[in-house]
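Asks: So that we are looking at the same thing, I have put the structure below in structure tokens.
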Amino acid sequence: MKSDLEIAQEKKLEKIVNIAEKYGISEDDLELYGQYKAKLSPSVFEKRKDKKDGKLVLVTAINPTPMGEGKTTTSVGLSDALNRLGKNTVVALREPSLGPCFGVKGGAAGGGYAQVVPMEDLNLHFTGDFHAITAANNLLAALLDNHIKQGNSLDIDMKRIQWKRCLDMNDRCLRNVIVGLGGPGDGVVREDHFIITVASEIMAILCLSSGLEDLKERLSKIIVAYNRKGEPVRAKDLGAVGSMAVLLKDAIKPNIVQTLEGNMAIVHGGPFANIAHGCNSLMATKYALKIGDIAVTEAGFGADLGAEKFLDIKCQLGNLHPDCTVIVATVRALKYNGGVAKTDLVEENIAALEKGIVNLEKHIENVQKFGLPLVVAINRFPTDSEKELQWIADFCEKKGVGFALSEVYAKGGAGGEALAKAVLAKLEKPANFHPIQDLNLSLKEKVEKIAKEIYGAKDVQFAAKASKELKNLEDLGFGHYPVCMAKTQYSLSDDPTLLGRPEGFTITVREVYVSAGAGFVVCLTGDVMTMPGLPKVPAAEKIDVVDGKTVGLF
1 MKSDLEIAQE KKLEKIVNIA EKYGISEDDL ELYGQYKAKL SPSVFEKRKD KKDGKLVLVT
61 AINPTPMGEG KTTTSVGLSD ALNRLGKNTV VALREPSLGP CFGVKGGAAG GGYAQVVPME
121 DLNLHFTGDF HAITAANNLL AALLDNHIKQ GNSLDIDMKR IQWKRCLDMN DRCLRNVIVG
181 LGGPGDGVVR EDHFIITVAS EIMAILCLSS GLEDLKERLS KIIVAYNRKG EPVRAKDLGA
241 VGSMAVLLKD AIKPNIVQTL EGNMAIVHGG PFANIAHGCN SLMATKYALK IGDIAVTEAG
301 FGADLGAEKF LDIKCQLGNL HPDCTVIVAT VRALKYNGGV AKTDLVEENI AALEKGIVNL
361 EKHIENVQKF GLPLVVAINR FPTDSEKELQ WIADFCEKKG VGFALSEVYA KGGAGGEALA
421 KAVLAKLEKP ANFHPIQDLN LSLKEKVEKI AKEIYGAKDV QFAAKASKEL KNLEDLGFGH
481 YPVCMAKTQY SLSDDPTLLG RPEGFTITVR EVYVSAGAGF VVCLTGDVMT MPGLPKVPAA
541 EKIDVVDGKT VGLF
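Numbering of the sequence shown is given in UniProt numbering, commencing with residue 1 and proceeding in unit increments.
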């Protein structure tokens with residue numbers, strides 16, 4: 001089969017104005033970025049504000065494995081399949097980050113014949129949203145250091161500076177740096193840190209804002225540091241809000257592109273789910289609900305991370321009410337969770353499947369705790385045996401959940417019709433959605449509830465520094481915020497080596513900070529990093545431009 005990039009490059013794209021017209025959106029409501037991508041004007045939502053929202057379908061997955069499970073591919077293919085069945089459907093996705101694109105992933109626009117295009121643009125600079133977020137983040141950092149250099153009238157405690165610089169690249173050498181070296185005119189010497197752009201609070205703010213004015217209000221609340229009295233110093237105290245908003249005034253508008261089958265895809269925002277809240281922008285989802293009769297969206301990594309945050313943070317803060325969930329899994333990933341080495345996954349192994357399916361079982365139970373109907377989608381591979389597929393189908397039947405094979409990678413929307421029909425059957429019944437995080441609980445209680453109910457932990461251990469900060473945040477009035485857990489994506493625990501469904505483990509919370517503008521408290525667990533590093537052989541080594549065409553993306 002051809003590579004994802006070859007398939008994408010061979011597709012003759014429709015002009016984006018024609019894609020928009022299919023959904024009743026005129027060229028006057030678009031801000032064009034060339035012929036094949038555009039931003040949606042606020043007028044698109046305004047004209048439809050009284051229209052009843054469509055149905056909302058969340059696509060999530062089991063814990064990811066090194067082979068990949070195809071969550072974005074399934075999301076795109078499901079949307080195309082629903083459109084093939086006559087259902088006006090829009091898929092809403094996150095924008096890829098350059099860091100993992102050049103690190104491990106090599107791209108994140110779906111795969112095979114279930115992709116969003118133009119693939120190269122989407123995976124690289126796209127419409128510049130991430131660059132704008134990076135610039136706004138670093139402008140605030142520059143204003144903070146300049147204020148300190150110019151006399152520090154806000155009496156900022158140099159030991160309690162919270163704001164970090166960011167870069168949309170995996171660069172472990174920037175995790176801990178010293179700034180201000182040189183002469184007296186080069187600023188004040190202090191320890192500083194970089195995070196990846198997708199972990200920036202400004203990314204979270206953009207993705208949870210309802211519009212430009214809400215964006216500015218949230219930006220003003222950002223806590224950059226504390227003064228010597230222990231009081232928060234915010235972005236508004238540095239006079240930073242207006243200039244940051246200017247940098248973000250276009251980035252806040254949702255982007256539209258198209259699937260390989262000519263259906264609309266809204267792609268906007270991209271916080272990671274292991275270190276942030278893992279969902280595309282609230283505006284993109286709400287636009288999709290107004291434009292389509294069905295909106296398909298995804299949440300990052302496994303259901304323990306992305307789905308939990310989508311349902312507990314994004315839905316609570318954004319007043320969303322999902323109607324159905326799809327959990328993506330693969331035969332080989334379940335066998336991997338059952339202890340099979342990567343080199344042996346092509347061999348039929350029912351015993352390993354039986355051992356590893358406990359990971360899927362836990363994610364099923366978790367989604368059901370939120371009161372949502374669900375369908376298990378097995379992303380089919382040629383090496384899957386009929387016996388293995390039937391074993392999973394029987395398992396799902398015993399659990400009383402929907403099941404469908406997905407062959408969208410090889411067949412596009414046509415390969416997703418069975419899944420689409422299974423989803424439509426679930427959408428006929430009312431959902432009883434309710435979040436797990438009760439915002440009236442203390443911050444520690446919220447952490448413990450997620451760790452024990454969603455991850456399956458026996459206990460939670462809080463480092464002394466984390467416990468102290470949780471109490472401080474509650475004293476400052478942030479106790480009603482939801483918590484956003486930063487945890488490894490590879491395990492239900494905070495240890496990436498514990499596969500399947502680990503039991504009896506303890507989650508360790510080592511650091512805590514508030515994203516006051518976004519509206520949640522971040523708890524770092526285990527060894528999760530907010531600035532990833534590159535692997536031994538980065539995907540960047542295979543990416544190039546040959547005869548004017550991009551090669552190496554996948």
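Virtual Cβ for every residue (Gly too), placed ideally from N, Cα, C.
Alpha carbon to alpha carbon, how far is P532 from K164?
Replies: 15 angstroms
Asks: Can you tell me the Cα-Cα spacing of F370 and L443, whole angstroms?
Replies: 20 angstroms
Asks: Assuming contact is defined by CB atoms lying nearer than 8 angstroms, are T488 and E298 in contact in what I supplied?
Replies: no
Asks: Just the C-alpha distance for V358 and A393, rounded to the nearest angstrom, thanks.
Replies: Between V358 and A393, the alpha-carbon positions lie close to 14 angstroms from each other.
Asks: Is DSSP giving V542 helix, strand or coil here?
Replies: Correcting the residue type first, residue 542 is Lys in the shown sequence and not Val. If DSSP states are grouped into helix, strand and coil, K542 belongs with the helices.
Asks: Pick out whichever of V116, K149, E95 has its Cα sitting closest to the Cα of L5.
Replies: V116
Asks: To which residues does DSSP link residue 556 through a beta bridge?
Replies: Past the edges of the chain, shown from 1 to 554, lies residue 556, and the structure says nothing about it.
Asks: What three-state label does DSSP hand Q35 in the structure shown?
Replies: Q35: coil per DSSP, three-state reduction.
Asks: When the distance is taken between beta carbons, is A422 closer than 8 angstroms to G402?
Replies: yes
Asks: Cβ of G103 within 8 angstroms of Cβ of L534?
Replies: Their beta carbons are under 8 angstroms apart, which means G103 touches L534 by this criterion.
Asks: Going by DSSP in three states, L215 sits in which element: helix, strand or coil?
Replies: helix
Asks: Check for me: the beta strand (DSSP E) holding D459 runs from which residue to which?
Replies: 459 to 462
Asks: In terms of alpha-carbon separation, which member of R94, L154, A199, T89 lies closest to N137?
Replies: When the alpha-carbon of N137 is set against those of R94, L154, A199, T89, the nearest one is in A199.
Asks: Taking the straight line between their C-alpha atoms, what separation do you get for A186 and L498?
Replies: At residue 186 the sequence reads Asp, which differs from the Ala that was named. Computed Cα separation, rounded: 47 angstroms.
Asks: Can you list, in chain order, the stretches of the alpha helix (DSSP H) that have 4 or more residues and sit fully within the segment 349 to 418?
Replies: The segment 349 to 418 contains these whole alpha helix (DSSP H) runs: 350 to 356, 358 to 369, 386 to 399, 408 to 411.
Asks: With a floor of 3 residues, list each beta strand (DSSP E) that falls wholly inside the segment 196 to 263, ordered by position along the chain.
Replies: Complete beta strand (DSSP E) runs here, min 3: 223 to 227, 232 to 234, 255 to 259.
Asks: For G107, count neighbouring Cβ atoms within 10 angstroms of its own Cβ and tell me buried if that reaches 16, exposed if not.
Replies: buried
Asks: Can you give me the C-alpha to C-alpha distance between G86 and Q258, rounded to a whole angstrom?
Replies: 17 angstroms
Asks: Taking DSSP as the reference, what is the three-state secondary structure of K159?
Replies: If DSSP states are grouped into helix, strand and coil, K159 belongs with the strands.
Asks: Could you name each continuous beta strand (DSSP E) segment of 3 residues or more that falls completely within the segment 254 to 325, going from the start of the chain to the end?
Replies: 255 to 259, 264 to 267, 294 to 298
Asks: Look up A135 in the DSSP assignment and say whether it is helix, strand or coil.
Replies: Collapsing the DSSP output to three states places A135 in a helix.
Asks: Could you say which of A333, E361, I364 lies nearest to A352 if we only look at CA atoms?
Replies: A333
Asks: Who does T550 pair with in a DSSP beta bridge?
Replies: V545
Asks: Taking the alpha carbon of L215 as the reference point, which residue from E231, A240, I454, N227 has its own alpha carbon closest?
Replies: A240
Asks: Under a three-way DSSP split, which group does A341 fall into?
Replies: coil
Asks: Which value, in whole angstroms, describes the spacing of the CA atoms of Q9 and M119?
Replies: 8 angstroms
Asks: Taking its Cβ as the centre, do 16 or more other Cβ atoms sit within 10 Å of I178, making it buried, or is it exposed?
Replies: exposed
Asks: For the alpha helix (DSSP H) containing residue 567, list its first residue and its last residue.
Replies: Look at the range of the chain in this structure, 1 to 554, and you will see that residue 567 is not part of it.
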